[in-house]
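In UniProt numbering, the protein residues as written are 1 to 51. Report on one structure; see the data block that follows.
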């Protein structure tokens with residue numbers, strides 16, 4: 001999420017498709033801006049960072 005405006009992304013639409021008020025359309029796509037992710041570490045190797 002954008003900490004300044006509390007936004008999570010943008011919505012994009014094909015320019016050759018009409019606007020349809022009140023309807024969801026395949027031509028509209030939400031692009032989420034990810035800055036972090038939750039992960040599970042299942043293993044690791046104890047070596048130096050250089051190999």
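C-beta: ideal position from N, C-alpha, C; glycine also. Source: prediction; values computed, not measured.
Per DSSP, reduced to three states, the secondary structure at residue 39 is coil, with no helix or strand assignment. Remark: C-beta atoms of residue 28 and residue 15 do not approach each other more closely than 8 Å. Around residue 9, the same chain offers 30, 31, 32 and 33 as residues with beta carbons nearer than 7 Å, after the five sequence neighbours per side are excluded. Look at residue 20 here: in three-state DSSP terms it is coil, with no helix or strand label.
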